[in-house]
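Asker:
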Amino acid sequence: MPPVVSKAKSRIRTVLILVLLSAAAYVLGWSSIFSVKSISVEGAPDASSKTLVLDKSQISVGEKLARLEPRVVQNSIEKISWVDHSRVSRNWISGAVAIHLWARVPVARYGSGFVDGGNVFFELSGAPTSTKITISASSPVDRSVAIALLKKLPIEIRNVLVEIRVLASGSVTLTIHDTSLSKDRKVNWGDMQDVDLKVKVYQALIALPANKKVTFIDLSAPHAPIVK
485 MPPVVSKAKS RIRTVLILVL LSAAAYVLGW SSIFSVKSIS VEGAPDASSK TLVLDKSQIS
545 VGEKLARLEP RVVQNSIEKI SWVDHSRVSR NWISGAVAIH LWARVPVARY GSGFVDGGNV
605 FFELSGAPTS TKITISASSP VDRSVAIALL KKLPIEIRNV LVEIRVLASG SVTLTIHDTS
665 LSKDRKVNWG DMQDVDLKVK VYQALIALPA NKKVTFIDLS APHAPIVK
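If you want our numbering, it's the 1-based position in the sequence shown plus 484.
(1) Would Asn643 and Pro624 qualify as a contact pair, given that the criterion is a beta-carbon distance under 8 Å?
(2) When you compare only the Cα positions, how much space is there between Ser596 and Lys696?
(3) Which class does Asn695 belong to by DSSP, given the choice of helix, strand or coil?
(4) Please report the straight-line C-alpha distance between Ala508 and Ile543, rounded to a whole angstrom.
(5) Report all residues from its chain with a CB closer than 8 Å to the CB of Ser628; omit the five preceding and five following residues, and keep chain order.
(6) Is Asp662 helix, strand or coil when you go by DSSP?
(7) Please identify the residue among Arg555, Thr615, Arg574, Ile583 whose C-alpha is closest to the C-alpha of Arg593.
(8) Any idea if Pro706 is buried or exposed, counting beta-carbon neighbours within 10 angstroms, 16 or more meaning buried?
(9) Throw me the rounded Cβ distance for the Val646 and Thr659 pair, which I believe falls under 8 Å.
(10) Can you say whether Leu633 is buried or exposed, counting buried as having 16 or more other CB atoms within 10 angstroms of its CB?
(11) Which runs of the alpha helix (DSSP H) fall wholly inside the stretch 629–690 and span at least 4 residues, in chain order?
Structure below.
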(Lines of atoms letter the chains of each structure in order from A and count residues from 1; the text may use other names and numbers.)
(Lines give C-alpha, C1' and ligand atoms only; values in the text may rest on other atoms or scores of the structure.)
Protein backbone atom coordinates (compact mmCIF):
# COMPACT_ATOMS: atom_id res chain seq x y z
CA MET A 1 0.00 0.00 0.00
CA PRO A 2 1.42 3.41 -1.00
CA PRO A 3 2.55 5.57 1.93
CA VAL A 4 0.12 8.36 0.98
CA VAL A 5 -2.88 6.02 1.18
CA SER A 6 -1.69 4.60 4.50
CA LYS A 7 -1.33 8.08 6.01
CA ALA A 8 -4.77 9.06 4.71
CA LYS A 9 -6.39 6.02 6.36
CA SER A 10 -4.55 6.76 9.59
CA ARG A 11 -5.86 10.33 9.59
CA ILE A 12 -9.37 9.10 8.88
CA ARG A 13 -9.17 6.69 11.81
CA THR A 14 -7.92 9.48 14.07
CA VAL A 15 -10.73 11.76 12.97
CA LEU A 16 -13.31 9.01 13.50
CA ILE A 17 -11.98 8.32 17.00
CA LEU A 18 -12.12 12.02 17.86
CA VAL A 19 -15.67 12.25 16.51
CA LEU A 20 -16.75 9.22 18.54
CA LEU A 21 -15.11 10.56 21.70
CA SER A 22 -16.75 13.95 21.19
CA ALA A 23 -20.11 12.29 20.61
CA ALA A 24 -19.70 10.18 23.78
CA ALA A 25 -18.71 13.26 25.79
CA TYR A 26 -21.76 15.09 24.50
CA VAL A 27 -24.11 12.22 25.27
CA LEU A 28 -22.73 11.82 28.79
CA GLY A 29 -22.26 15.46 29.67
CA TRP A 30 -24.88 17.37 27.74
CA SER A 31 -27.50 15.11 26.23
CA SER A 32 -30.70 14.40 28.18
CA ILE A 33 -30.31 10.68 27.46
CA PHE A 34 -28.14 10.09 30.55
CA SER A 35 -29.78 12.40 33.07
CA VAL A 36 -31.37 12.00 36.48
CA LYS A 37 -34.92 10.73 36.08
CA SER A 38 -35.73 9.97 39.72
CA ILE A 39 -34.25 10.33 43.21
CA SER A 40 -35.05 8.00 46.10
CA VAL A 41 -34.03 8.15 49.76
CA GLU A 42 -33.98 5.04 51.93
CA GLY A 43 -33.32 5.03 55.66
CA ALA A 44 -34.68 8.48 56.57
CA PRO A 45 -36.70 8.25 59.81
CA ASP A 46 -39.47 10.59 58.67
CA ALA A 47 -40.64 12.87 55.84
CA SER A 48 -38.93 16.01 57.14
CA SER A 49 -35.60 14.15 57.45
CA LYS A 50 -35.99 12.89 53.88
CA THR A 51 -36.58 16.44 52.65
CA LEU A 52 -33.46 17.62 54.48
CA VAL A 53 -31.38 14.88 52.82
CA LEU A 54 -32.69 15.77 49.37
CA ASP A 55 -31.88 19.45 49.95
CA LYS A 56 -28.41 18.60 51.22
CA SER A 57 -27.69 16.32 48.24
CA GLN A 58 -28.33 19.19 45.77
CA ILE A 59 -29.35 16.61 43.15
CA SER A 60 -32.17 17.58 40.83
CA VAL A 61 -34.17 15.72 38.19
CA GLY A 62 -32.73 16.50 34.75
CA GLU A 63 -29.18 16.86 36.03
CA LYS A 64 -26.58 15.05 33.95
CA LEU A 65 -25.53 11.76 35.55
CA ALA A 66 -21.93 12.24 34.44
CA ARG A 67 -21.71 15.43 36.48
CA LEU A 68 -22.99 13.75 39.64
CA GLU A 69 -20.15 12.76 41.98
CA PRO A 70 -21.45 10.17 44.50
CA ARG A 71 -18.58 10.75 46.94
CA VAL A 72 -19.17 14.52 46.99
CA VAL A 73 -22.88 13.97 47.60
CA GLN A 74 -22.17 11.47 50.40
CA ASN A 75 -19.77 13.88 52.11
CA SER A 76 -22.42 16.58 52.01
CA ILE A 77 -25.16 14.32 53.38
CA GLU A 78 -22.94 13.00 56.17
CA LYS A 79 -22.62 16.53 57.54
CA ILE A 80 -26.17 16.05 58.83
CA SER A 81 -25.67 15.20 62.49
CA TRP A 82 -28.00 12.18 62.64
CA VAL A 83 -26.51 10.49 59.56
CA ASP A 84 -23.89 7.92 60.53
CA HIS A 85 -22.94 7.07 56.95
CA SER A 86 -24.50 6.99 53.49
CA ARG A 87 -24.17 5.54 50.01
CA VAL A 88 -25.19 7.16 46.73
CA SER A 89 -25.62 5.09 43.57
CA ARG A 90 -26.74 5.99 40.04
CA ASN A 91 -28.30 3.79 37.38
CA TRP A 92 -27.12 4.82 33.91
CA ILE A 93 -29.92 2.91 32.17
CA SER A 94 -32.96 4.05 34.19
CA GLY A 95 -31.54 7.39 35.34
CA ALA A 96 -32.43 6.54 38.95
CA VAL A 97 -30.32 7.93 41.78
CA ALA A 98 -30.62 6.08 45.10
CA ILE A 99 -29.51 7.56 48.41
CA HIS A 100 -29.13 4.98 51.17
CA LEU A 101 -28.83 6.23 54.75
CA TRP A 102 -27.74 4.67 58.00
CA ALA A 103 -29.03 6.82 60.84
CA ARG A 104 -27.35 7.06 64.22
CA VAL A 105 -29.05 4.95 66.87
CA PRO A 106 -29.90 6.99 69.97
CA VAL A 107 -29.07 5.41 73.30
CA ALA A 108 -30.26 8.34 75.41
CA ARG A 109 -31.73 11.81 75.29
CA TYR A 110 -29.38 14.69 75.94
CA GLY A 111 -30.36 18.35 76.01
CA SER A 112 -32.33 19.19 72.86
CA GLY A 113 -31.30 16.01 71.08
CA PHE A 114 -29.79 12.58 71.52
CA VAL A 115 -26.46 10.76 71.82
CA ASP A 116 -25.45 7.50 70.23
CA GLY A 117 -23.19 4.78 71.58
CA GLY A 118 -20.13 6.65 70.33
CA ASN A 119 -21.00 9.76 72.38
CA VAL A 120 -21.97 11.74 69.26
CA PHE A 121 -24.66 14.35 69.85
CA PHE A 122 -27.32 14.76 67.18
CA GLU A 123 -30.81 16.12 66.66
CA LEU A 124 -33.51 14.03 65.03
CA SER A 125 -37.19 14.85 64.92
CA GLY A 126 -38.16 11.28 64.11
CA ALA A 127 -36.10 9.51 66.76
CA PRO A 128 -37.75 6.45 68.33
CA THR A 129 -40.02 7.34 71.24
CA SER A 130 -38.66 4.27 73.04
CA THR A 131 -35.51 6.27 73.82
CA LYS A 132 -36.61 7.32 77.30
CA ILE A 133 -33.30 7.45 79.15
CA THR A 134 -31.98 10.96 79.78
CA ILE A 135 -28.33 11.81 80.36
CA SER A 136 -27.54 14.90 82.41
CA ALA A 137 -23.91 15.94 82.16
CA SER A 138 -22.11 19.25 81.81
CA SER A 139 -19.46 18.18 79.30
CA PRO A 140 -18.78 15.57 76.60
CA VAL A 141 -16.30 13.90 78.96
CA ASP A 142 -18.92 13.50 81.68
CA ARG A 143 -21.39 12.36 79.03
CA SER A 144 -18.97 9.63 77.98
CA VAL A 145 -18.95 8.39 81.59
CA ALA A 146 -22.73 8.06 81.46
CA ILE A 147 -22.64 6.18 78.16
CA ALA A 148 -19.91 3.84 79.42
CA LEU A 149 -22.02 2.99 82.47
CA LEU A 150 -25.15 2.59 80.37
CA LYS A 151 -23.41 -0.01 78.23
CA LYS A 152 -22.39 -2.01 81.32
CA LEU A 153 -25.80 -2.07 82.98
CA PRO A 154 -27.91 -5.21 82.41
CA ILE A 155 -30.98 -4.93 80.25
CA GLU A 156 -33.35 -5.33 83.20
CA ILE A 157 -31.96 -2.13 84.75
CA ARG A 158 -31.74 -0.24 81.45
CA ASN A 159 -35.39 -1.00 80.76
CA VAL A 160 -36.48 0.93 83.88
CA LEU A 161 -33.72 3.53 83.88
CA VAL A 162 -34.99 7.10 83.72
CA GLU A 163 -31.89 9.24 84.10
CA ILE A 164 -28.12 9.08 84.48
CA ARG A 165 -26.74 12.22 86.09
CA VAL A 166 -22.98 12.76 86.13
CA LEU A 167 -21.62 15.40 88.48
CA ALA A 168 -18.46 17.39 87.86
CA SER A 169 -16.70 15.22 90.42
CA GLY A 170 -17.38 12.15 88.27
CA SER A 171 -19.92 10.77 90.71
CA VAL A 172 -23.02 9.24 89.12
CA THR A 173 -26.63 9.24 90.29
CA LEU A 174 -29.26 7.03 88.71
CA THR A 175 -33.01 7.48 88.67
CA ILE A 176 -34.71 4.12 88.28
CA HIS A 177 -38.45 3.66 87.92
CA ASP A 178 -40.00 1.10 90.25
CA THR A 179 -42.80 -0.37 88.14
CA SER A 180 -44.33 -2.26 91.07
CA LEU A 181 -44.83 0.95 93.09
CA SER A 182 -45.12 3.35 90.12
CA LYS A 183 -42.46 5.64 91.55
CA ASP A 184 -38.80 6.49 91.01
CA ARG A 185 -35.87 5.36 93.11
CA LYS A 186 -32.63 7.36 93.42
CA VAL A 187 -29.37 5.45 93.42
CA ASN A 188 -26.10 7.08 94.38
CA TRP A 189 -23.88 5.00 92.14
CA GLY A 190 -20.62 6.72 92.95
CA ASP A 191 -17.78 6.35 90.44
CA MET A 192 -17.19 3.79 87.69
CA GLN A 193 -15.36 1.38 89.96
CA ASP A 194 -16.82 -2.05 90.76
CA VAL A 195 -19.73 -1.75 88.30
CA ASP A 196 -20.47 -5.49 88.25
CA LEU A 197 -20.40 -5.68 92.03
CA LYS A 198 -22.73 -2.68 92.36
CA VAL A 199 -25.18 -4.28 89.95
CA LYS A 200 -25.25 -7.47 92.01
CA VAL A 201 -25.66 -5.56 95.28
CA TYR A 202 -28.46 -3.44 93.84
CA GLN A 203 -30.35 -6.45 92.51
CA ALA A 204 -29.92 -8.28 95.81
CA LEU A 205 -31.18 -5.30 97.80
CA ILE A 206 -34.34 -4.69 95.80
CA ALA A 207 -35.12 -8.41 95.89
CA LEU A 208 -35.49 -8.27 99.69
CA PRO A 209 -39.12 -7.83 100.82
CA ALA A 210 -37.97 -5.34 103.47
CA ASN A 211 -36.62 -3.03 100.75
CA LYS A 212 -39.65 -2.97 98.49
CA LYS A 213 -40.53 0.59 99.48
CA VAL A 214 -37.06 2.13 99.61
CA THR A 215 -36.64 5.27 97.54
CA PHE A 216 -32.89 5.76 97.94
CA ILE A 217 -29.92 3.41 97.74
CA ASP A 218 -26.29 4.43 98.20
CA LEU A 219 -23.91 2.14 96.33
CA SER A 220 -20.86 4.39 96.38
CA ALA A 221 -19.37 1.87 98.82
CA PRO A 222 -20.86 -1.40 97.54
CA HIS A 223 -19.54 -3.45 100.47
CA ALA A 224 -21.51 -1.20 102.83
CA PRO A 225 -24.65 -0.04 100.95
CA ILE A 226 -27.23 2.26 102.52
CA VAL A 227 -30.97 2.10 101.89
CA LYS A 228 -33.65 4.59 102.88
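Beta carbons: idealized from backbone N, C-alpha and C, even for Gly.
Answerer: Taking the structure as given:
(1) In this structure, Asn643 lies away from Pro624, with their beta-carbon atoms at least 8 Å apart.
(2) 35 Å
(3) helix
(4) Confidence is the limiting factor: at Ala508 the pLDDT is only 45, short of 50, which leaves the residue's position unreliable and the question unanswerable from this model.
(5) Asn603
(6) strand
(7) Thr615
(8) buried
(9) 4 Å
(10) buried
(11) Segments of the alpha helix (DSSP H) lying fully in the stretch 629–690: 639–642.
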